[in-house]
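Shown next, in structure tokens, is the structure this report addresses.
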Amino acid sequence: MSDPRPLAAAPQPRRPFTGLVGAVEGLGLAALTLVRLLGLYLRILAGRARLDVPAFAAALRQSGLSILPAITLVTLAVGAILGQQAGSFLRRFDVPELLLLSTTYAVVMELVPLLVGILVAGRAGVDLAVRQANLSVSGEVDGLLAIGIDPIAYTLGPTLLAMLIMSFAFAVWGGLMTFTAAFLWLSLETTVPPALFLDAFTSVIAPADLLQAIGKPLLFALLIGLIATVNGTAAGRDPQGVGAAATRTMIGAVAAILLADLAVIVLTGR
Numbered sequence: 000m001s002d003p004r005p006l007a008a009a010p011q012p013r014r015p016f017t018g019l020v021g022a023v024e025g026l027g028l029a030a031l032t033l034v035r036l037l038g039l040y041l042r043i044l045a046g047r048a049r050l051d052v053p054a055f056a057a058a059l060r061q062s063g064l065s066i067l068p069a070i071t072l073v074t075l076a077v078g079a080i081l082g083q084q085a086g087s088f089l090r091r092f093d094v095p096e097l098l099l100l101s102t103t104y105a106v107v108m109e110l111v112p113l114l115v116g117i118l119v120a121g122r123a124g125v126d127l128a129v130r131q132a133n134l135s136v137s138g139e140v141d142g143l144l145a146i147g148i149d150p151i152a153y154t155l156g157p158t159l160l161a162m163l164i165m166s167f168a169f170a171v172w173g174g175l176m177t178f179t180a181a182f183l184w185l186s187l188e189t190t191v192p193p194a195l196f197l198d199a200f201t202s203v204i205a206p207a208d209l210l211q212a213i214g215k216p217l218l219f220a221l222l223i224g225l226i227a228t229v230n231g232t233a234a235g236r237d238p239q240g241v242g243a244a245a246t247r248t249m250i251g252a253v254a255a256i257l258l259a260d261l262a263v264i265v266l267t268g269r
């Protein structure tokens with residue numbers, strides 16, 4: 000005689016990095032990932048390890064050429080918007096020096112680094128999280144470990160290096176595009192002399208400020224890579240975790256970028 004009692008459902012395994020304990024685990028994985036990456040790059044510099052050149056080239060295309068049109072379009076649009084707003088302000092208040100000084104500082108120190116970080120997160124960061132999640136879901140991580148390959152170094156090593164290089168290039172390119180668009184717009188709408196733009200830049204941006212403006216996108220790229228790795232690993236063996244990893248990476252990366260930017264401002268006073 001069969002037992003009429005319904006069979007109890009098998010308990011679902013806890014998804015990695017969920018809850019308070021999971022948050023601590025995620026931070027630990029991020030720290031461990033950072034240590035492993037530093038060790039990998041040091042071994043490459045010492046000639047004891049080799050960079051995966053094909054993966055690095057593919058990552059450069061993924062985090063570079065594919066984002067370049069968006070970076071160019073967004074920064075040109077932002078520059079045009081700033082030029083239009085600055086022209087409107089100058090028609091009411093004739094203080095071109097003060098306006099250009101404040102606008103130049105805001106663009107170089109805050110606007111362009113934030114735009115670069117968010118766009119890199121939306122393209123390269125999400126792609127990295129999806130790739131890491133697919134490795135976890137398909138069980139390829141176990142295969143990599145079985146043949147002695149570190150899965151984190153395999154996925155993140157070349158990608159993070161490409162993200163760092165392209166973030167630096169995008170910070171320079173984005174600043175040039177923003178200033179070009181703002182300069183052209185103001186030149187057409189106002190009588191501000193072109194030399195005043197150069198004077199404003201050299202007056203308000205010190206070498207330390209310029210280094211900080213370039214260093215911020217590099218810090219953002221590092222945070223994006225760590226967040227993408229943690230969220231991709233958190234997918235476990237659940238296929239639905241791939242989409243969740245992409246969503247969490249985008250949200251977490253934007254939040255981390257803004258908080259990191261605020262921390263740099265507080266700590267440096269700039």
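Using numbering that gives the first Met the number 0, you'd call the opening residue of the sequence shown number 0 and step up by one each time. Ideal Cβ placement from N, Cα and C applies to all residues, glycine included.
- Leaving aside the five residues that flank V106 on each side, the residues in its chain whose CB is nearer than 6 Å to its CB run, in chain order, T177.
- Scanning its chain for C-beta atoms nearer than 7 Å, with the 5 sequence neighbours on each side dropped, one finds around Q61 the residues A123, D126, in chain order.
- When C-alpha distances from V229 are compared across A132, L185, T201, G147, the shortest belongs to A132.
- DSSP places T232 within a helical segment (H, G or I) once states are collapsed to three.
- For S166, the uninterrupted alpha helix (DSSP H) segment begins and ends at 150 to 188.
- For P238, no alpha helix (DSSP H) run applies, since DSSP gives it neither H nor E.
- By the CB criterion at 9 Å, L258 and L217 fall outside the cutoff.
- Taken through DSSP and simplified to helix, strand or coil, F196 comes out as helix.
- Taking all protein chains in view, the Cβ of L118 is crowded by 16 or more other Cβ atoms within 10 Å, so the residue is classified as buried.
- The three-state reading of DSSP puts V94 in coil, since its state is none of H, G, I, E or B.
- In this structure, P112 lies away from A181, with their beta-carbon atoms at least 9 Å apart.
- In this structure, DSSP gives D51 a state outside helix and strand, which the three-state scheme calls coil.
- A54 and V129 have their alpha carbons spaced roughly 16 Å apart.
- Taking a cut-off of 8 Å on C-beta distances, the segment 234 to 253 does not touch the segment 143 to 152, as fewer than three cross pairs fall below it.
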